[in-house]
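Since the structure comes first, as structure tokens, the remarks are kept for the end.
Numbering (this note's numbering), first residue to last: 11 to 81.
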């Protein structure tokens with residue numbers, strides 16, 4: 011189950027899933043895994059909502075189970 015998450019935890023989990031970054035690029039930061047480039051929100055106050063997390067994971071092709079197992 012996807013839930014809201016802090017920016018630091020988001021970056022940590024993407025790194026556990028073998029993504030590099032975050033790198034700056036225009037308005038948003040991004041992380042890279044091979045040819046896949048995923049935009050992530052900029053560091054801001056508060057957590058990243060579960061609705062935005064679902065969209066980010068969909069674009070990355072990461073299942074909810076795979077995300078939850080990336081401790």
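Every residue gets a Cβ at the ideal spot worked out from N, C-alpha and C, and that includes glycine.
Same chain only: Cβ atoms within 8 Å of residue i, ignoring 5 sequence neighbours per side
| i | result |
| --- | --- |
| residue 33 | 39, 40, 41, 42 |
Exposure of residue i, with buried meaning 16 or more beta-carbon neighbours within 10 Å
| i | result |
| --- | --- |
| residue 23 | buried |
| residue 20 | buried |
Euclidean distance between Cα positions of residue i and residue j
| i | j | result |
| --- | --- | --- |
| residue 78 | residue 13 | 10 Å |
| residue 65 | residue 75 | 15 Å |
Whole-Å CB distance - residue i paired with residue j, under 8 Å assumed
| i | j | result |
| --- | --- | --- |
| residue 15 | residue 58 | 5 Å |
| residue 48 | residue 69 | 6 Å |
| residue 17 | residue 53 | 5 Å |
| residue 51 | residue 62 | 7 Å |
Start-to-end residues for the alpha helix (DSSP H) that takes in residue i
| i | result |
| --- | --- |
| residue 63 | 60-70 |
Unbroken beta strand (DSSP E) run spanning residue i, endpoints
| i | result |
| --- | --- |
| residue 57 | Looking at the DSSP string, residue 57 is not in any beta strand (DSSP E), and its letter there is neither H nor E. |
Cβ neighbours of residue i in the same chain (closer than 6 Å, five flanking residues each side left out)
| i | result |
| --- | --- |
| residue 60 | 12, 13, 14 |
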